[in-house]
Amino acid sequence: SRPPAEPDGVSRESFARSVVVPRGAGLPALALYVSSLAYGALVAFLPLQLAATQGRAGVFFTVYAAAVLVARPLAGRWSDRLGRRTLILPGLGLGAAGTALVGLAPALVPLLAAAVLIGVGIGGASYPGLMALAVDRTSPRQRAATMGAYFTAYDLAIASGAALLGPVYAAHGFAATNLVAAMASTQETLFADFDPAGYAAMMAGATLDDPEVSVADQGLSAVRFDAFGWEFSLDASGMGFLALLLVAAIG
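Letter by letter, the sequence shown follows residues 51 to 301 in my numbering.
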C-alpha cells in the first residue's frame with residue numbers, strides 16, 4: 051500500500067513529528083501527566099492505607115466520581131466563556147490541596163473533603179481545560195494526534211504513579227507520598243503563565259505550527275532541546291517535579 055500523502059508545504063520530517071506529538075499539545079499533556087500521577091498513586095496506595103476501615107476506600111472513589119460528574123459539564127462551559135487558564139490554574143490548585151489532605155486518611159471528614167477537591171479540581175476543571183488548551187494550540191489536521199498524545203499522557207500517569215511515588219511511600223509513608231504529589235501538582239501551575247500578547251495570538255487562532263508565531267509568543271516558557279532529530283520541551287513544572295523525585299529518592 052502507498053504511504054499517506056504529506057500535507058502541502060510540509061516536509062516529511064516535520065509531518066512525522068506533528069503526527070506523533072503535535073508541538074502545541076506537548077505542555078498541556080505534560081501538565082496532565084504530572085497532575086494525574088497523584089491519582090495513579092492513590093489507586094494503588096489508598097486501599098492499603100484504608101485496609102483496616104471497612105468500605106472507606108470505596109466511599110472515597112464514589113465521592114470523587116460524583117464530584118467529577120457534577121463539575122465537568124459546568125467547567126467546560128466556564129472554560130469557553132472565561133478562558134482556559136481561568137479554570138486550569140484553580141483546578142490544579144484544588145487538586146494539590148485535596149492530594150495533601152488525603153494524606154490524613156483514614157479520618158473520614160478529611161477523606162471526603164479530599165475526594166471533592168480532587169474530583170472538582172483535577173477531574174472536573176483542569177482535565178477538560180487542558181484538553182481544550184491542547185486543541186486550541188494545534189491545527190485542525192492534528193486533532194486526532196493531539197487527542198492521542200493527551201490521553202496517552204493520562205494513561206501513563208495512572209500506570210506510572212505508583213511506580214514513581216512508591217519509593218517515597220515505602221520510605222516515608224502515605225502522608226509524605228501525598229505531600230510530594232501535591233507539590234508536583236502545584237509546580238504545574240507555572241506552565242500556564244501566559245503573556246497577554248501570546249494569549250491574544252492564541253485566541254485569535256494562531257498555533258505553534260504557524261511559522262510567524264514563536265514559542266514565547268504562545269505564552270509558554272520552556273527549555274527546548276533536540277535529541278535524535280526530535281524536539282522536546284521541559285517547562286519549570288516538569289523540572290520541579292524531577293527535582294522533587296530526586297530529593298525523595300536521595301532521602
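Beta carbons are placed, not taken as given, at the ideal position from N, Cα and C, and that holds for glycine.
Note that the structure is a prediction, hence the values are computed from the model and not measured.
Relative to Ala117, the option among Gly216, Ala165 and Ala107 whose CA is nearest is Ala165. Taken through DSSP and simplified to helix, strand or coil, Thr188 comes out as coil. Per DSSP, the continuous alpha helix (DSSP H) segment holding Leu142 begins and ends at Arg134 to Leu151. One thing to note: Leu119 has its Cβ no nearer than 8 Å to the Cβ of Leu180.
In the structure shown, Gln99 adopts helical secondary structure according to DSSP, grouped into three states. For Ala175, no alpha helix (DSSP H) run applies, since DSSP gives it neither H nor E. For the 8 Å CB-CB criterion, Gly174 and Ala121 form a contact. Proximity to Tyr177 across Phe95, Leu151, Leu139 and Ala107 peaks at Leu139, based on C-alpha coordinates. Measuring C-alpha to C-alpha distances from Gly108 to each of Ser129, Val71, Leu161 and Leu132 identifies Leu161 as the nearest. Pro72 sits buried, since 16 or more C-beta atoms from the chains shown fall within 10 Å of its C-beta. Taking the Cα of Leu124 as reference, the smallest distance to any Cα among Gly171, Ala155, Tyr204 and Ile208 is reached at Gly171. When DSSP states are grouped into helix, strand and coil, Gln104 belongs to the coil group. Residue range Leu158 to Ile168 is occupied by the alpha helix (DSSP H) that includes Val166.
In this structure, the CA atom of Ala226 is about 22 Å from the CA atom of Gly141.
Contact annotation: Leu215 and Ala231 have beta-carbon atoms nearer than 8 Å. Judged by beta-carbon spacing, Ile168 lies within the 8 Å limit of Gly145, meaning their Cβ atoms are closer than that value. Arg127 sits exposed, since fewer than 16 C-beta atoms from the chains shown fall within 10 Å of its C-beta.
Under the three-state reduction of DSSP output, Pro217 falls in the helix class.
In the three-state DSSP reduction, Pro78 falls in the helix class (H, G or I). In the displayed model, Pro123 falls within a helix according to three-state DSSP. In the three-state scheme derived from DSSP, where H, G and I count as helix and E and B as strand, Ala212 is classed as helix. With respect to the 8 Å criterion, Val93 and Ile208 are classified as neighbours on the basis of their beta carbons.
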